[in-house]
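Using the numbering used here, the final residue of the sequence shown is 234, and nothing's skipped along the way. Each residue gets a CB set at the ideal place from its N, CA and C atoms; glycine is no exception. Nothing here was measured: the structure is a model prediction, and the numbers come from that model.
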Amino acid sequence: MNEKNGFTTPIRDLKIEAVLSRLHAAADAQEEEAELAARPSNLKNTQWGPDFLKDKMIPIHREQGAFLYLLARSIRAKTIIEFGTSHGLSTIYLAAAIRDNGTGGQVIGTEFVAEKMAHAQRNLEQSGLARFARIREGDARQTLRDLPDGIDMCLMDGFPPYSLEVFRLIAPRLRKGAIVVVDGTETLREPQADFLAYLTDPANGFRYTELSIGDGTGLAVKDA
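Structure follows, in structure tokens:
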């Protein structure tokens with residue numbers, strides 16, 4: 011049982027739980043500032059450079075983390091792509107699922123800000139999950155150009171205006187039945203409207219819905 015509002019976590023590893031609790035607590039402390047920075051009305055006027063982003067977590071919520079973990083477990087995911095690693099909170103949930111699946115595999119994440127990538131690496135090490143994740147530093151539009159085939163799952167949680175461009179690199183590598191999770195479909199709908207339109211267009215081969223989890227969670231399955 012998590013300490014936040016009676017939330018029940020599916021994670022059964024005290025080391026991982028301790029790191030997640032610390033990160034969620036830090037995120038709660040940043041929440042007001044993070045929400046302000048993430049408002050669509052502010053995105054155009056915000057300089058999303060390293061100086062602004064280096065201390066901003068802007069992470070998934072606890073319920074989303076549990077959702078990601080259980081999704082990855084349910085499909086026995088081996089290869090998961092993450093656009094927008096930040097401090098590695100969502101990475102920990104995904105890497106824990108791969109570890110607990112017992113089939114080998116890895117999360118391939120990407121992070122633009124060097125300071126945040128360093129935080130993510132430390133958090134993965136403290137969780138005992140470092141060997142189940144590899145974070146690529148730099149612009150995802152470049153770092154995700156050489157992905158393996160047969161990707162089981164991806165999490166889209168990076169800079170929203172880049173989502174469609176980044177996803178076009180990932181989509182051809184997804185296996186049939188692969189799961190796509192999108193964060194911020196309520197609070198960040200406008201800046202990723204083109205990406206959401208892509209997922210909802212039947213011509214692109216995905217089945218899509220949205221769930222009221224966190225700040226809005228999109229869920230898609232590759233149909234073809």
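Checklist line | Supposed close pair I223, Q74 - CB separation, criterion 8 angstroms | finding: 5 angstroms
Checklist line | N- and C-terminal bounds of the beta strand (DSSP E) containing I189 | finding: 184 to 193
Note to self: So, does the segment 125 to 140 touch the segment 87 to 105, judging by three or more C-beta pairs under 8 angstroms?
What the structure shows: yes
Next item on the list: With a 10 Å radius around its C-beta and 16 neighbouring C-beta atoms as the bar for buried, classify R217 as buried or exposed.
Entry: exposed
Check: What first and last residue would you give for the alpha helix (DSSP H) that runs through K126?
Finding: 124 to 137
Next item on the list: Give the C-beta separation of H97 and L33 to the nearest angstrom, bearing in mind that I take them to be a contact with Cβ-Cβ under 8 angstroms.
Entry: 6 angstroms
Item checked: Range covered by the alpha helix (DSSP H) that runs through E220 -> Run containing E220: none in the alpha helix (DSSP H); it sits in the beta strand (DSSP E), 216 to 221.
Checklist line | Reference F77; option with closest CA among V190, A234, N214, E200 | finding: V190
Notebook entry, point to check: Whose CA, out of T89, Q40, F142, lies closest to the CA of G160?
Noted result: T89
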